[in-house]
Every structure is written in C-alpha cells, then in structure tokens.
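These notes concern the structure reproduced below.
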Amino acid sequence: MIVDKIKKREASVKNKPSNIDIPIGKWVKCDKCKEIIYKEELRKNQSICPNCGNYFRMHINKRLKLIIDEHTYKKFDLNIETSNPLNMEDYTKKLKSIREKTGLEEAVACGTGKINGEEVVICIMDSGFLMGSMGVVVGEKITYAIEQAIEKKLPFIIFTVSGGARMQEGIISLMQMAKTTAALTKLDEAGLLYITVLTDPTYGGVTASFASLGDIILAEPGAMIGFAGQRVIEQTIGESLPEGFQTAEFLLEHGFIDKIVERKDLKETIYKLIQFHKRDKEDS
Amino acid sequence: MEQKKGDNGEAIAKSMFEMAKLKVPIISIVIGEGSSGGALAIGVANKVLMLENAIYSILSPEGYSSILWKDSSRFEEAAEKMKLTAKDLYNLKVIDKIIKEPNENEEEDFKKISNNLKKEIKIIVSDMKSKTAEEIVQDRYLKFRNMGEFIRRD
Numbered sequence: 000m001i002v003d004k005i006k007k008r009e010a011s012v013k014n015k016p017s018n019i020d021i022p023i024g025k026w027v028k029c030d031k032c033k034e035i036i037y038k039e040e041l042r043k044n045q046s047i048c049p050n051c052g053n054y055f056r057m058h059i060n061k062r063l064k065l066i067i068d069e070h071t072y073k074k075f076d077l078n079i080e081t082s083n084p085l086n087m088e089d090y091t092k093k094l095k096s097i098r099e100k101t102g103l104e105e106a107v108a109c110g111t112g113k114i115n116g117e118e119v120v121i122c123i124m125d126s127g128f129l130m131g132s133m134g135v136v137v138g139e140k141i142t143y144a145i146e147q148a149i150e151k152k153l154p155f156i157i158f159t160v161s162g163g164a165r166m167q168e169g170i171i172s173l174m175q176m177a178k179t180t181a182a183l184t185k186l187d188e189a190g191l192l193y194i195t196v197l198t199d200p201t202y203g204g205v206t207a208s209f210a211s212l213g214d215i216i217l218a219e220p221g222a223m224i225g226f227a228g229q230r231v232i233e234q235t236i237g238e239s240l241p242e243g244f245q246t247a248e249f250l251l252e253h254g255f256i257d258k259i260v261e262r263k264d265l266k267e268t269i270y271k272l273i274q275f276h277k278r279d280k281e282d283s
Numbered sequence: 000m001e002q003k004k005g006d007n008g009e010a011i012a013k014s015m016f017e018m019a020k021l022k023v024p025i026i027s028i029v030i031g032e033g034s035s036g037g038a039l040a041i042g043v044a045n046k047v048l049m050l051e052n053a054i055y056s057i058l059s060p061e062g063y064s065s066i067l068w069k070d071s072s073r074f075e076e077a078a079e080k081m082k083l084t085a086k087d088l089y090n091l092k093v094i095d096k097i098i099k100e101p102n103e104n105e106e107e108d109f110k111k112i113s114n115n116l117k118k119e120i121k122i123i124v125s126d127m128k129s130k131t132a133e134e135i136v137q138d139r140y141l142k143f144r145n146m147g148e149f150i151r152r153d
C-alpha cells in the first residue's frame, strides 16, 4: 500500500520535466520545497535540505558514518540469499541489478561497532534497496544480529526505513515479522537495551514488528510512520484522517514514540542512553 | 476510531511479542481468509492448523497485485502466484496441518469438519501435556526462528 504510494511519488518526481541544464548526478531536488540543491552541500549538511530542513533518506554507509566511530564497524558475515519461494520471474535478476546499482547486499546491514567508544550491535535499513522491504534475508539478518547482541551482551540499535514486508516473497516475508519479534523476546529476557530509531518512511510489517518494540523508540523529525498507508485507511474507514496523522510528531503526542531527535544529535543521544542504562545495570 | 490515532502496527507487534512468550500451548486455526499483520498477530502459535479451503497470505490478492504490478485487476494472477492455499502453505512449512473439508458446505459437513478439528486439537493438547512451560515456549520459538529458507553463498 504505502510502497505503492511512495513509488508513485518517486515516479511523479522523475517524470516531471526537470531537463533544465543541470549536470546529471551533481544536483538533487528537494521533495518538499522543490529547491534544486548541490549534492555536495546536501552531503555536508547530513542529508538535510539546507533550504527547508527536509530530511533526505540516507544510504547505509552515510548513516554508519554518522553514528558509528570511524573504523569500528564490523559487519556480520552472513552470506545468504533468498530461495525465491514464490518463483517470481525476474526477482533474482532484479535483486542482482539493485545490488550492483546500490553497492548494497540487501535492505539491511548488520554488525558491531562503537558509539563514542561504547560497543553495540547495529542494524541499518536502506530505502534504496526495494524500499527497505523485509524478506527472508532481512528477517534472518536482523534475527542473527539480535542473537549476537544476546551472546555478546551488547545493546541492540536499529535504524528503520521500510515499506513493509517484501511482496515478492509472499507469506514468507510476513513470517519474518514473527521471527524477529520472537527473537526480541529473548533479548528482553536477557535484559539488554534495545533502541529503535524510526526514519522516514517506516511502514507495514516493519512498523508492526521490531520497529515498535524498542525499549526506547526514537524518531527523526517529520518521519512518516504507520502500518497501512493513509489512502488505504481513508478508503477503508470512509473518513478523512486528522492533520499530521502518521508523522513522528503526531505519534509522539499520542505516546507511541519516546523522543524526536534531530539527525545531528542522534549519536550523542544514543550514547547517553547507553551510558544511562549501563549505570543502571551496575547499580542493581 | 480512536485506535486509528496510532495506527495498529504497534498492537500487532505487541500481540506477537506476548504470544511468543506465553507459557501454555497455543493453537491457531485459519478458518476463512487470513491475511497480513492482523492474521499473524493471532498466529504466533505452537501449531497452526488450516481448513482445506481457507487462505492465508501476506495481503489480499487485490492488494498484492496493486502493490506489485500497480494493477488490482490482476488479482486472479496474484492469487495463483501467492501460494495462499492450505496445501502450498503446508509445503512451505508455514502451517502444520490441513483440516479436511468434505465437498459441500452443508450442515452435515460442518459437523464433520468440527469433528476433524476436535480430533486434531485433542491430539495436540495431549502431546503438549508432557512438556514443561520452557519447552512449550522454545518449541514455538524454534518454529518461527526457522521460518523461511535461504541459500548460503560461498
């Protein structure tokens, strides 16, 4: 549902006649204020529009750089691939071409790293890989990461961005919601800290599983977060939705999110939360 | 309507989380059309049974074709592709047992189906009786932990 919406939005952006004389690849248009921005300037500004403050989606590598201390990230070596359970034509081919295009293995990267010297297990999703959708590989990688956090007794941090369960893998994608959730009960029993950071957009089966289960749930300003897309809800209930529905700010107000944190403060906030809970543990 | 303020994603997540921890056996039975998070929210069970003609899927075929092919009129094709029948799901190890449904949907059949179901529930309950609470939780955990096959690359 939401994937559909996002794809449409992207398509409409692409289809607009933006063939003004711009050197391809150096400039990018802000979705919100429509301003043309120099990519280098955007990069320096942590992928936030310098004109209107709109948050751009971040590539895994950029996010890692923003959150994890330099040279401390070690990815888990899990070389796995989907078995294509529905035998979808072109699906394996499509995955291959996205891998080549994005330089990503899948829609999530998982490993260990340090945040101001504090070791954590971290998972980061990427909307550039089939809209961050969760199939068996994403489910398995996240579950494995949770198990590693338990084994190493480390805090577990996840940055979400997703359209939801991956349609191409059908019911098996749906089952990954239960798989990751069940693994989180073990993390909970082990008494380890779990922080989720919801970024724009987080939808569907990801919202309805690990994204909503953090001990502490943070979100980036303006992030859209929900289960079903707004159009679908409106059509189903036959009523228009309240202003700001599904924004991080709205969810904070209604108690679903603990804090909205600006991108520049994320690392420090997570670090403080880890410190705080560490002390708690030593006291008890 | 109030529940819509927060959407229902969190409710699904919490329901699955609690089910995964429950210390008694859980049996879920798909009796009609089960789809998406709403079905899974009550589907984290030790044993998942399914009536022979029921369906269980990631999304309705209409929604599925609309998302994947941007064309909801291709729902028949989607239904073929999605592996949503009891037999398909049994082969994918998503469900544990298919409950036979005789041919017609008449009162007599309903009794037969109910009896079949009763028999299966009795078997599961008596099997589970000898298990400790920890074993029951672990049994359920492993069922979902191993959900979905993947290929290891070298």
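If you're matching them up, the sequences are chains A and B in order. Numbering of the first sequence is given in numbering that gives the first Met the number 0, commencing with residue 0 and proceeding in unit increments. Numbering of the second sequence is given in numbering that gives the first Met the number 0, commencing with residue 0 and proceeding in unit increments. For each residue, glycine too, the CB sits at the ideal point set by N, CA and C. Note that the structure is a prediction, hence the values are computed from the model and not measured.
#1: Do residue 57 of chain B and residue 228 of chain A come within 7 angstroms of each other at the CB atom, strictly closer than that value?
#2: I'd like the list of long-range same chain contacts for residue 32 of chain A, defined as Cβ closer than 7 angstroms, with 5 residues on each side in sequence excluded.
#3: Jot down the residue ranges of each uninterrupted alpha helix (DSSP H) in the segment 231–278 of chain A, minimum 4 residues, whole runs only, in chain order.
#4: Quick one: what's residue 151 of chain B bridged to in DSSP?
#5: Is residue 35 of chain A helix, strand or coil by DSSP?
#6: With a threshold of 7 angstroms between beta-carbons, can residue 14 of chain B be considered close to chain A, or not?
#7: Evaluate residue 102 of chain B with the Cβ neighbour count: other Cβ atoms within 10 Å of its Cβ, from every protein chain shown; 16 or more gives buried, anything less gives exposed.
#8: Kindly list, in the order they appear in chain B, the residues whose Cβ is closer than 9 angstroms to that of residue 84 of chain A.
#9: Taking a Cβ distance cut-off of 7 angstroms, strictly less, list which residues of the segment 203–219 of chain A are near chain B, in chain order.
#10: With H, G and I counted as helix, E and B as strand and the rest as coil, what does DSSP make of residue 29 of chain B?
#11: Can you list, in chain order, the residues of its chain whose CB lies under 8 angstroms from that of residue 239 of chain A, leaving out five sequence neighbours each side?
#12: In whole angstroms, give me the CA-to-CA distance for residue 139 of chain A and residue 179 of chain A.
#13: Taking only beta-carbon atoms, is residue 6 of chain B less than 7 angstroms away from chain A?
#14: Can you check DSSP and say which residues form a bridge with residue 68 of chain B?
#15: Closer than 7 angstroms, Cβ to any Cβ of chain B: which residues of the segment 110–133 of chain A, in chain order?
#16: Report buried or exposed for residue 208 of chain A, applying the criterion of at least 16 other Cβ atoms within 10 angstroms of its Cβ.
#17: By how many angstroms is the C-alpha of residue 89 of chain A removed from the C-alpha of residue 103 of chain A?
#18: At which residue ranges does the segment 141–189 of chain A contain complete beta strand (DSSP E) runs of 3 or more residues, listed in the order of the chain?
#19: For the segment 223–242 of chain A, list every residue whose C-beta sits within 9 angstroms of some C-beta in chain B, in sequence order.
#20: Got a sec? Which residues, its chain only, sit under 6 angstroms from residue 89 of chain B by beta carbon, not counting five neighbours each side?
#21: If you measure beta-carbon to beta-carbon, which residues of the segment 70–100 of chain A are closer than 8 angstroms to chain B?
#22: Ends of the beta strand (DSSP E) at residue 217 of chain A?
#23: Could you give the first and the last residue of the continuous alpha helix (DSSP H) run that contains residue 140 of chain B?
#24: Nearest chain B C-beta to residue 255 of chain A closer than 7 angstroms, yes or no?
#25: So, under 8 angstroms CB-CB, residue 19 of chain B and residue 139 of chain B are touching, yes? Tell me the CB distance rounded to an integer number of Å.
#26: For residue 178 of chain A, return the contacting residues in chain B, with the cut-off set at a CB-CB distance below 8 angstroms.
#27: Taking DSSP as the reference, what is the three-state secondary structure of residue 54 of chain A?
#28: Taking residue 50 of chain B as the query, report the chain A residues whose CB atoms sit under 8 angstroms from its CB, ordered along the chain.
#29: Helix or strand or just coil, what does DSSP make of residue 199 of chain A?
On the basis of the supplied data:
#1: Mapped onto the first sequence, residue 228 of chain A falls at position 229. Mapped onto the second sequence, residue 57 of chain B falls at position 58. No, these two residues do not count as a Cβ contact at 7 angstroms.
#2: If you number the first sequence from 1, residue 32 of chain A lands on position 33. So the list reads 48, 50, 51 and 53, once near-sequence residues are dropped.
#3: With a minimum length of 4 residues, the unbroken runs of alpha helix (DSSP H) contained wholly in the segment 231–278 of chain A fall at 247–252.
#4: Along the second sequence, one-based indexing puts residue 151 of chain B at 152. Beta-bridge partners assigned by DSSP to residue 151 of chain B: A:79.
#5: Against the first sequence, residue 35 of chain A aligns to sequence position 36. Three-state result, residue 35 of chain A: strand.
#6: For this step, residue 14 of chain B is matched to residue 15 along the second sequence. Not closer than 7 angstroms to any Cβ of chain A, the Cβ of residue 14 of chain B fails to qualify, so no.
#7: For the purposes of this step, residue 102 of chain B is identified with residue 103 of the second sequence, where counting begins at 1. The residue in question, residue 102 of chain B, is exposed, as its Cβ has fewer than 16 Cβ neighbours within 10 Å.
#8: Position 85 of the first sequence, counted from the start, is the residue given in the question as residue 84 of chain A. Going along chain B in sequence order, the residues near residue 84 of chain A (Cβ under 9 angstroms) are 82, 91, 147 and 148.
#9: Residues passing the 7 angstroms Cβ filter: 204, 206, 207, 208, 211 and 212.
#10: Taking the first residue of the second sequence as position 1, residue 29 of chain B is located at position 30. Strand, per DSSP.
#11: Reading the first sequence from its first residue, position 240 is the one you call residue 239 of chain A. Cβ neighbours of residue 239 of chain A beyond the five flanking positions: 233.
#12: Locating residue 139 of chain A in the first sequence gives position 140, where the first residue counts as 1. Locating residue 179 of chain A in the first sequence gives position 180, where the first residue counts as 1. So the alpha carbons of these two residues sit roughly 8 angstroms apart.
#13: For this step, residue 6 of chain B is matched to residue 7 along the second sequence. For residue 6 of chain B, the answer is yes, since a Cβ of chain A falls inside 7 angstroms of its Cβ.
#14: If you number the second sequence from 1, residue 68 of chain B lands on position 69. Residue 68 of chain B is not bridged to any residue.
#15: none
#16: The residue given as residue 208 of chain A occupies position 209 in the first sequence. Residue 208 of chain A is buried by the Cβ-count criterion.
#17: Here residue 103 of chain A refers to the residue found at position 104 of the first sequence. Here residue 89 of chain A refers to the residue found at position 90 of the first sequence. Near 19 angstroms, if we compare the C-alpha coordinates of residue 89 of chain A and residue 103 of chain A.
#18: 155–161
#19: Sequence-ordered contacts of the segment 223–242 of chain A with chain B read 224, 225, 226, 227, 231, 232, 236, 238, 240 and 241 [C-beta pairs closer than 9 angstroms].
#20: For the purposes of this step, residue 89 of chain B is taken as residue 90 along the second sequence, with counting starting at 1. For residue 89 of chain B, same chain residues with a beta-carbon under 6 angstroms away, outside a window of 5 residues either side, are 97 in chain order.
#21: 78, 79, 80, 81, 82, 84, 85 and 87
#22: Numbered from its first residue, the first sequence carries residue 217 of chain A at position 218. Unbroken beta strand (DSSP E) run through residue 217 of chain A: 215–218.
#23: Within the second sequence, numbered from 1, the residue matching residue 140 of chain B stands at position 141. Here the alpha helix (DSSP H) through residue 140 of chain B covers 132–144.
#24: Here residue 255 of chain A refers to the residue found at position 256 when the first sequence is read from its first residue. Taking 7 angstroms as the threshold, the shortest C-beta distance from residue 255 of chain A to chain B falls below it.
#25: Taking the first residue of the second sequence as 1, we reach residue 19 of chain B at position 20. Taking the first residue of the second sequence as 1, we reach residue 139 of chain B at position 140. Yes, they are in contact, since the Cβ atoms of residue 19 of chain B and residue 139 of chain B sit about 7 angstroms apart, within 8 angstroms.
#26: For the purposes of this step, residue 178 of chain A is taken as the residue at position 179 of the first sequence. Residues of chain B passing the Cβ test: 143, 144, 146 and 147.
#27: Sequence index remark: in the first sequence, residue 54 of chain A carries index 55 (1-based). In the three-state reduction of the DSSP assignment, residue 54 of chain A falls in the strand class, which pools E and B.
#28: By one-based count along the second sequence, residue 50 of chain B stands at place 51. Here the premise fails: no neighbours, minimum Cβ distance about 16 angstroms.
#29: As a position in the first sequence, residue 199 of chain A is number 200, starting the count at 1. Of the three classes helix, strand and coil, the one that applies to residue 199 of chain A here is strand, per DSSP.
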